[in-house]
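Asks:
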Amino acid sequence: FTLLGNVSVEGEYIEEKTAAKLSNGDKLRIRAEDGKAQVLFMSSKKLEESVVWGGPIVMNTRDELLEAFDELDNGTFLKEKIDY
Numbered sequence: 001f002t003l004l005g006n007v008s009v010e011g012e013y014i015e016e017k018t019a020a021k022l023s024n025g026d027k028l029r030i031r032a033e034d035g036k037a038q039v040l041f042m043s044s045k046k047l048e049e050s051v052v053w054g055g056p057i058v059m060n061t062r063d064e065l066l067e068a069f070d071e072l073d074n075g076t077f078l079k080e081k082i083d084y
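Start counting the sequence shown at 1; every next residue gets the next number (the numbering used here).
#1: Do you know offhand how far E12's Cα is from S50's?
#2: Identify whether E67 lies in helix, strand or coil by the three-state DSSP scheme.
#3: Between which two residues does the beta strand (DSSP E) containing L3 stretch?
#4: What does a CB cutoff of less than 6 angstroms around G54 pick up in its chain, not counting 5 residues either side in sequence?
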């Protein structure tokens, strides 16, 4: 996920604030295109379940995703209060 700035990943241009799904491999080349860039990189084993993604929310079904956005709009998305 590009947090700040535009980058190219293995030659493919990725705009700021964009997620990219990568294929398997053991090396990765990321290049800042317009000066500074910040990238969040995560790796995991493949999930053996359906994934529906909308912005910052990831669920298993479209209905769950729509419910999550309703909860976000109504202020009930977070089930436990976070104390800072």
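All residues carry an ideal CB built from backbone N, CA and C; glycine is no exception.
Replies: In short:
#1: Counting from 1 along the sequence shown, the entry for residue 12 is found at position 12. Counting from 1 along the sequence shown, the entry for residue 50 is found at position 50. Cα-Cα distance, rounded: 26 angstroms.
#2: Sequence index remark: in the sequence shown, residue 67 carries index 67 (1-based). Reduced to three states, the DSSP call for E67 is helix.
#3: Here the question's residue 3 lines up with position 3 in the sequence shown. Here the beta strand (DSSP E) through L3 covers 2-4.
#4: In the sequence shown, residue 54 corresponds to position 54, counting from 1. Once the five neighbours on either side are set aside, the close Cβ partners of G54 are L65.
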